[in-house]
Amino acid sequence: MSELKAAVLNEDGIEALRLADAEGLEHTAAAHLMGISRPTFSRLVSHARTTVATALTEGMALKIDGGGVDLVHACRPKTELNSQDCQQIRRRRGFCGRASVVSQDVGVMPEEGVDDA
């Protein structure tokens, strides 16, 4: 068994990656959605990408930590028959403007084929 180190990425970093890479938004639009400036968003997504790349290339775990996110269901009236157009919106709490990259122990990893039950 061996100790596994972790690269820590906060939820703001995950949200920045989601908006820029998964959703394909321009940095200006993504920054607007997060309520931050474009330069701050660019630094945040760059730092998050570095964290993920470090975890992948150095065989580290990727730990998502910090910053609260509320999921809010928002509905608005649609056209006919009282249908509603609903979507899930991520709202962040306590945005600090950057991701944290920290190496830390996340515990002992079980050996291959060993059950934790």
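For what it's worth, UniProt numbering labels the leading residue of the sequence shown as 1, then goes sequentially. Beta carbons are placed, not taken as given, at the ideal position from N, Cα and C, and that holds for glycine.
Annotation for L25: no alpha helix (DSSP H) segment contains it, and DSSP assigns it neither H nor E. Rounded to whole angstroms, the gap between the alpha carbons of A55 and A30 is 24 Å. The closest CA to that of M34, considering only M60, T50, E11 and A61, is found on E11. Around the beta carbon of T28, a 10 Å sphere encloses fewer than 16 other beta carbons of the protein chains shown; the residue is thus reported as exposed.
The Cβ neighbour count for E15, taken over all protein chains shown within 10 Å, is at least 16; the residue is labelled buried. Per the coordinates, the alpha-carbon of I64 lies some 24 Å from the alpha-carbon of E26.
Within a 10 Å sphere around the beta-carbon of G24 sit fewer than 16 other beta-carbons, which makes this residue exposed.
By the criterion of a C-beta distance shorter than 6 Å, R38 is surrounded in its chain by H27, T28 and A31, once the five residues flanking it on both sides are discounted.
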